[in-house]
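K.L.:
Taking full-length UniProt numbering, I'd label the letters of the sequence shown as residues 1 to 210. Beta carbons are placed, not taken as given, at the ideal position from N, Cα and C, and that holds for glycine.
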Amino acid sequence: MNAEVSRIRIMMVDDHPLFREGVAAVLATQPDMELVAEAQDGEDAIARFRQCQPEITLMDLQMPGMSGLDALRHILHECPKARIIVLTTYQGDMQATRALRAGAAGYLVKSTLRKELLFTIRQVHKGHRHVPLEVARIMAEYSADDILSVRELQVLGHVAGGYSNKRIATHLGISVETVKTHMKSILAKVKAKDRTEAVVIAMRRGYIDA
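Shown next as C-alpha coordinates:
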(Lines of atoms letter the chains of each structure in order from A; the text may use other names.)
(Lines give C-alpha, C1' and ligand atoms only; values in the text may rest on other atoms or scores of the structure.)
Protein backbone atom coordinates (compact mmCIF):
# COMPACT_ATOMS: atom_id res chain seq x y z
CA MET A 1 0.00 0.00 0.00
CA ASN A 2 2.77 2.45 0.89
CA ALA A 3 4.58 1.66 -2.35
CA GLU A 4 1.47 2.60 -4.31
CA VAL A 5 1.11 5.89 -2.43
CA SER A 6 4.76 6.84 -3.07
CA ARG A 7 4.63 6.31 -6.84
CA ILE A 8 5.44 9.31 -9.03
CA ARG A 9 2.36 10.01 -11.18
CA ILE A 10 3.45 10.77 -14.76
CA MET A 11 1.77 12.01 -17.94
CA MET A 12 3.35 11.39 -21.37
CA VAL A 13 2.68 13.86 -24.21
CA ASP A 14 3.88 12.99 -27.73
CA ASP A 15 2.20 12.67 -31.12
CA HIS A 16 3.95 9.37 -31.97
CA PRO A 17 2.13 6.35 -30.45
CA LEU A 18 5.18 4.08 -30.72
CA PHE A 19 7.30 6.55 -28.80
CA ARG A 20 4.67 6.81 -26.07
CA GLU A 21 4.52 3.02 -25.89
CA GLY A 22 8.28 2.81 -25.53
CA VAL A 23 8.34 5.29 -22.66
CA ALA A 24 5.36 3.56 -21.04
CA ALA A 25 7.21 0.24 -21.17
CA VAL A 26 10.24 1.75 -19.43
CA LEU A 27 8.12 3.40 -16.72
CA ALA A 28 6.24 0.14 -16.12
CA THR A 29 9.49 -1.46 -14.92
CA GLN A 30 9.90 1.12 -12.15
CA PRO A 31 8.22 0.40 -8.79
CA ASP A 32 8.22 4.12 -7.88
CA MET A 33 6.60 5.38 -11.10
CA GLU A 34 3.12 5.20 -12.63
CA LEU A 35 1.94 6.41 -16.03
CA VAL A 36 -1.48 7.93 -15.31
CA ALA A 37 -2.20 9.70 -18.63
CA GLU A 38 -1.15 10.02 -22.26
CA ALA A 39 -1.82 12.84 -24.72
CA GLN A 40 -1.06 13.26 -28.41
CA ASP A 41 -1.00 17.06 -28.80
CA GLY A 42 -0.94 20.29 -26.82
CA GLU A 43 -4.69 20.75 -26.41
CA ASP A 44 -5.10 17.11 -25.39
CA ALA A 45 -2.27 17.58 -22.86
CA ILE A 46 -4.02 20.51 -21.19
CA ALA A 47 -7.29 18.57 -20.91
CA ARG A 48 -5.60 15.44 -19.57
CA PHE A 49 -3.53 17.46 -17.10
CA ARG A 50 -6.67 19.03 -15.67
CA GLN A 51 -8.25 15.61 -15.35
CA CYS A 52 -5.34 13.64 -13.88
CA GLN A 53 -3.13 16.25 -12.16
CA PRO A 54 0.14 14.34 -12.75
CA GLU A 55 3.19 15.14 -10.63
CA ILE A 56 5.50 14.97 -13.65
CA THR A 57 4.64 15.71 -17.28
CA LEU A 58 6.89 14.56 -20.13
CA MET A 59 6.18 17.02 -22.95
CA ASP A 60 7.33 16.76 -26.56
CA LEU A 61 8.05 20.25 -27.91
CA GLN A 62 7.14 19.75 -31.55
CA MET A 63 3.65 18.43 -32.25
CA PRO A 64 0.95 19.25 -34.81
CA GLY A 65 -1.57 21.84 -33.71
CA MET A 66 -0.72 23.42 -30.37
CA SER A 67 3.01 22.99 -29.70
CA GLY A 68 4.42 21.50 -26.54
CA LEU A 69 5.88 24.88 -25.61
CA ASP A 70 2.47 26.56 -25.80
CA ALA A 71 0.89 23.72 -23.83
CA LEU A 72 3.63 24.01 -21.21
CA ARG A 73 2.96 27.73 -20.80
CA HIS A 74 -0.79 27.14 -20.53
CA ILE A 75 -0.42 24.39 -17.93
CA LEU A 76 2.01 26.42 -15.82
CA HIS A 77 -0.31 29.43 -16.00
CA GLU A 78 -3.11 27.31 -14.54
CA CYS A 79 -0.87 25.32 -12.21
CA PRO A 80 2.44 27.08 -11.38
CA LYS A 81 3.59 24.09 -9.31
CA ALA A 82 3.41 21.70 -12.30
CA ARG A 83 6.71 19.92 -12.99
CA ILE A 84 7.27 19.56 -16.74
CA ILE A 85 10.19 17.87 -18.49
CA VAL A 86 10.39 18.77 -22.17
CA LEU A 87 11.49 16.21 -24.74
CA THR A 88 12.95 17.15 -28.10
CA THR A 89 14.90 15.72 -30.99
CA TYR A 90 17.21 18.74 -30.96
CA GLN A 91 20.04 19.95 -28.76
CA GLY A 92 19.37 23.49 -30.02
CA ASP A 93 20.22 26.18 -27.52
CA MET A 94 17.17 28.31 -28.30
CA GLN A 95 14.82 25.36 -27.88
CA ALA A 96 16.28 24.77 -24.44
CA THR A 97 16.31 28.44 -23.53
CA ARG A 98 12.67 28.99 -24.52
CA ALA A 99 11.49 25.92 -22.64
CA LEU A 100 13.45 26.74 -19.50
CA ARG A 101 12.42 30.39 -19.54
CA ALA A 102 8.81 29.25 -19.88
CA GLY A 103 9.20 27.22 -16.69
CA ALA A 104 10.30 23.73 -17.72
CA ALA A 105 11.92 21.86 -14.86
CA GLY A 106 13.88 19.52 -17.13
CA TYR A 107 15.04 19.18 -20.71
CA LEU A 108 15.85 15.92 -22.45
CA VAL A 109 17.02 15.06 -25.94
CA LYS A 110 15.14 11.95 -27.14
CA SER A 111 18.34 10.19 -28.19
CA THR A 112 19.53 10.24 -24.55
CA LEU A 113 16.32 8.96 -22.93
CA ARG A 114 17.69 5.46 -22.33
CA LYS A 115 20.31 6.77 -19.91
CA GLU A 116 18.73 10.05 -18.73
CA LEU A 117 14.95 9.58 -18.46
CA LEU A 118 14.52 7.86 -15.09
CA PHE A 119 17.22 9.92 -13.36
CA THR A 120 15.68 13.15 -14.66
CA ILE A 121 12.17 12.20 -13.53
CA ARG A 122 13.40 11.47 -10.02
CA GLN A 123 15.49 14.65 -9.84
CA VAL A 124 12.63 16.85 -11.02
CA HIS A 125 10.21 15.12 -8.64
CA LYS A 126 12.57 16.02 -5.78
CA GLY A 127 12.28 19.68 -6.79
CA HIS A 128 15.49 19.99 -8.80
CA ARG A 129 15.92 21.19 -12.37
CA HIS A 130 17.85 19.02 -14.80
CA VAL A 131 19.49 19.91 -18.11
CA PRO A 132 21.86 17.41 -19.77
CA LEU A 133 25.49 18.48 -19.84
CA GLU A 134 25.64 18.53 -23.65
CA VAL A 135 22.63 20.86 -23.86
CA ALA A 136 23.99 23.14 -21.13
CA ARG A 137 27.32 23.26 -22.97
CA ILE A 138 25.67 24.26 -26.26
CA MET A 139 23.64 26.96 -24.49
CA ALA A 140 26.81 28.33 -22.91
CA GLU A 141 28.64 28.47 -26.25
CA TYR A 142 26.49 31.24 -27.63
CA SER A 143 26.52 34.76 -26.28
CA ALA A 144 23.61 37.21 -26.25
CA ASP A 145 25.14 38.81 -29.36
CA ASP A 146 24.24 35.68 -31.33
CA ILE A 147 20.52 35.90 -30.60
CA LEU A 148 18.48 36.78 -33.68
CA SER A 149 16.11 39.73 -33.50
CA VAL A 150 12.38 39.33 -34.07
CA ARG A 151 12.70 40.77 -37.58
CA GLU A 152 15.65 38.49 -38.38
CA LEU A 153 13.61 35.49 -37.24
CA GLN A 154 10.76 36.61 -39.50
CA VAL A 155 13.11 36.94 -42.48
CA LEU A 156 14.75 33.60 -41.79
CA GLY A 157 11.37 31.92 -41.41
CA HIS A 158 10.38 33.15 -44.86
CA VAL A 159 13.71 32.01 -46.28
CA ALA A 160 13.00 28.55 -44.84
CA GLY A 161 9.65 28.68 -46.62
CA GLY A 162 11.40 29.24 -49.96
CA TYR A 163 10.59 32.95 -50.30
CA SER A 164 12.80 35.18 -52.48
CA ASN A 165 14.18 38.46 -51.10
CA LYS A 166 11.60 40.38 -53.15
CA ARG A 167 8.71 38.31 -51.84
CA ILE A 168 9.98 38.59 -48.25
CA ALA A 169 10.23 42.37 -48.67
CA THR A 170 6.67 42.59 -49.98
CA HIS A 171 5.29 40.33 -47.26
CA LEU A 172 7.03 42.21 -44.42
CA GLY A 173 6.56 45.69 -45.89
CA ILE A 174 10.27 46.49 -46.07
CA SER A 175 12.72 47.11 -48.91
CA VAL A 176 14.73 44.40 -50.66
CA GLU A 177 17.90 46.13 -49.44
CA THR A 178 16.67 45.85 -45.86
CA VAL A 179 16.03 42.14 -46.37
CA LYS A 180 19.60 41.77 -47.67
CA THR A 181 20.93 43.64 -44.64
CA HIS A 182 19.03 41.31 -42.29
CA MET A 183 20.33 38.27 -44.17
CA LYS A 184 23.91 39.52 -43.87
CA SER A 185 23.43 39.89 -40.11
CA ILE A 186 21.82 36.44 -39.86
CA LEU A 187 24.69 34.77 -41.73
CA ALA A 188 27.23 36.42 -39.42
CA LYS A 189 25.35 35.50 -36.24
CA VAL A 190 24.79 31.84 -37.06
CA LYS A 191 28.15 31.54 -38.84
CA ALA A 192 26.69 30.31 -42.13
CA LYS A 193 28.07 30.78 -45.63
CA ASP A 194 24.72 30.96 -47.42
CA ARG A 195 20.93 31.02 -46.94
CA THR A 196 20.52 27.25 -47.03
CA GLU A 197 23.14 26.65 -44.36
CA ALA A 198 21.63 29.44 -42.25
CA VAL A 199 18.25 27.68 -42.28
CA VAL A 200 19.82 24.31 -41.41
CA ILE A 201 21.79 25.80 -38.49
CA ALA A 202 18.76 27.78 -37.28
CA MET A 203 16.63 24.63 -37.22
CA ARG A 204 19.31 22.66 -35.40
CA ARG A 205 19.74 25.39 -32.79
CA GLY A 206 15.99 25.82 -32.40
CA TYR A 207 15.61 29.37 -33.74
CA ILE A 208 12.94 28.17 -36.17
CA ASP A 209 10.88 24.99 -36.34
CA ALA A 210 11.87 22.17 -38.65
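For Asp14 versus Gly42, is the C-beta spacing smaller than 8 Å?
P.N.:
In this structure, Gly42 does not lie closer than 8 Å to Asp14 by Cβ.
K.L.:
Quick test of your reading: Ile56 and Ile10, contact by CB under 8 Å. State the CB separation rounded to the nearest angstrom.
P.N.:
Right, the Cβ-Cβ distance comes to about 5 Å (below 8 Å), so this counts as a contact.
K.L.:
State the start and end residues of the unbroken alpha helix (DSSP H) segment that holds Thr178.
P.N.:
Run containing Thr178: 176-190, per the alpha helix (DSSP H) assignment.
K.L.:
Given a threshold of 16 other Cβ atoms within 10 Å of its Cβ, counted over all protein chains shown, does Glu21 qualify as buried or as exposed?
P.N.:
Exposed.
K.L.:
Does the contact criterion of 3 or more C-beta pairs under 8 Å hold for the region 150-167 versus the region 195-208?
P.N.:
They touch, by the three-pair rule.
K.L.:
Which one of Ile121, Ala102, Met94 has the shortest CA to CA distance from Met203?
P.N.:
Looking at the Cα atoms, Met94 is the closest of the given residues.
K.L.:
Quick one: Cα of Tyr107 to Cα of Ser175, how far?
P.N.:
Straight-line Cα distance between these residues: approximately 40 Å.
K.L.:
Over what stretch of residues does the alpha helix (DSSP H) that includes Thr170 continue unbroken?
P.N.:
Its alpha helix (DSSP H) spans residues 165-172.
K.L.:
Measure the C-alpha to C-alpha separation of Ala104 and Ser185 and round it to an integer number of angstroms.
P.N.:
Rounded to whole angstroms, Ala104 to Ser185 spans 31 Å at the Cα level.
K.L.:
By the 10 Å Cβ neighbour count, where 16 or more other Cβ atoms means buried, how is Ala45 classified, buried or exposed?
P.N.:
Classification of Ala45: buried, given that the 10 Å Cβ count is 16 or more.
K.L.:
Quick check on Leu61: buried or exposed, where buried means 16 or more other Cβ atoms within 10 Å of its Cβ?
P.N.:
Answer is buried; the Cβ neighbour count reaches 16.
K.L.:
Between which two residues does the beta strand (DSSP E) holding Thr29 run?
P.N.:
Careful: Thr29 lies outside any beta strand (DSSP E) and carries neither H nor E.
K.L.:
With H, G and I counted as helix, E and B as strand and the rest as coil, what does DSSP make of Ile8?
P.N.:
Correct three-state label for Ile8: strand.
K.L.:
In three-state terms, what does DSSP make of residue 236?
P.N.:
An answer regarding residue 236 cannot be provided, because it is not within the stretch 1 to 210 covered by the chain.
K.L.:
Roughly how many whole angstroms lie between the Cα atoms of Gln53 and Ala188?
P.N.:
The alpha-carbon atoms of Gln53 and Ala188 are separated by roughly 46 Å.
K.L.:
CA-CA distance, Thr178 and Val199?
P.N.:
So the two alpha carbons sit approximately 19 Å from each other.
K.L.:
Just the C-alpha distance for Thr181 and Leu72, rounded to the nearest angstrom, thanks.
P.N.:
Looking at the two C-alpha atoms, the distance is approximately 35 Å.
K.L.:
Thinking C-alpha only, which one of Arg98, Ser149, Pro132, Ile121 is nearest Asp32?
P.N.:
It is Ile121 whose Cα lies nearest to the Cα of Asp32.
K.L.:
Let me know the secondary structure DSSP gives Ala105 once reduced to three states.
P.N.:
Looking at Ala105 - three-state DSSP - the assignment turns out to be coil, as it is neither helix nor strand.
K.L.:
Please confirm whether Tyr207 and Leu172 have their CB atoms less than 8 Å apart.
P.N.:
Going by C-beta atoms, Tyr207 is not nearer than 8 Å to Leu172.
K.L.:
Flag this pair as yes or no: are the beta carbons of Leu117 and Val26 separated by less than 8 Å?
P.N.:
Yes.
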